[in-house]
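*Asks:* Counting with the numbering used here, you get residues 40 to 211 for the letters of the sequence shown. Using N, Cα and C, we set each Cβ at its ideal position, and we do this for glycine too. Here it is, the structure in full.
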Amino acid sequence: QNRADDQSAASKRAGERAATRAKAEAAGKNGDQAVADFNASKADEIRTKHGGNKQTDSNGQDSGGTHCCTAAQARGDMTITEVKKLRAWHREQDMFWQEGYDVWGKVIADNLVAKSKWQSDRVRDFYDHKIYGKRTVGSIYADVVIYPMSYIIGGYRVLKNTLKIKGKNYGS
Numbered sequence: 040q041n042r043a044d045d046q047s048a049a050s051k052r053a054g055e056r057a058a059t060r061a062k063a064e065a066a067g068k069n070g071d072q073a074v075a076d077f078n079a080s081k082a083d084e085i086r087t088k089h090g091g092n093k094q095t096d097s098n099g100q101d102s103g104g105t106h107c108c109t110a111a112q113a114r115g116d117m118t119i120t121e122v123k124k125l126r127a128w129h130r131e132q133d134m135f136w137q138e139g140y141d142v143w144g145k146v147i148a149d150n151l152v153a154k155s156k157w158q159s160d161r162v163r164d165f166y167d168h169k170i171y172g173k174r175t176v177g178s179i180y181a182d183v184v185i186y187p188m189s190y191i192i193g194g195y196r197v198l199k200n201t202l203k204i205k206g207k208n209y210g211s
């Protein structure tokens, strides 16, 4: 049922975008810009409806940035329900992944996903793979971009914190 709800929301979003584009083009305006404006206005509406869109890391600390699913949501490419499902998946992963993605995910989101529809679509592929087991070339690409650096950074952060706990801070 959740998959059907996600598809229904995506279909509704696509229909609203098409109507916005058609209306703008009929008025002699730029359809791409109209869709971009529509996406921005919907993202603001979603953030407001759900009590803001504060970004936090796996420890609940304010991360001051955005992660991939939230950047895709801000573009209008994912619903809040989809973002919540991916966040729940994230919290089920090991500490190496969580610590690394809290750093690397912000880099990817701010420099790729927020700036490119194609990259935002790869977040959708990642979501479909992690939540529904649907493996595609796009999800493989997303894994290659996300996993290696997340685990390298996460391994460093976990090791640094582990060494700090044992007395001296050897991780500096």
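(1) Checking 8 angstroms against the spacing of the C-beta atoms, do G115 and F165 come in under that value?
(2) So, using beta-carbon positions, are V183 and M134 closer together than 8 angstroms?
(3) In the DSSP assignment, find the unbroken alpha helix (DSSP H) run with G115 in it and report its ends.
(4) State the DSSP-derived secondary structure class of A66, mapped to helix, strand or coil.
(5) Rounded to the nearest angstrom, what separates E131 and T201 at their Cα positions?
(6) Which of helix, strand or coil does DSSP assign to D182?
(7) Using the Cα positions of P187 and V146, report the straight-line distance between them to the nearest angstrom.
*Replies:* Walking through what the data contain:
(1) Between G115 and F165, the C-beta spacing is not below 8 angstroms.
(2) In this structure, M134 does not lie closer than 8 angstroms to V183 by Cβ.
(3) Element bounds for G115: n/a, residue is neither H nor E.
(4) Residue state, collapsed to three classes: coil.
(5) Taking the straight line joining both Cα atoms gives about 21 angstroms.
(6) DSSP places D182 in the helix class (H, G or I) of the three-state scheme.
(7) Going by the C-alpha atoms only, they are around 14 angstroms apart.
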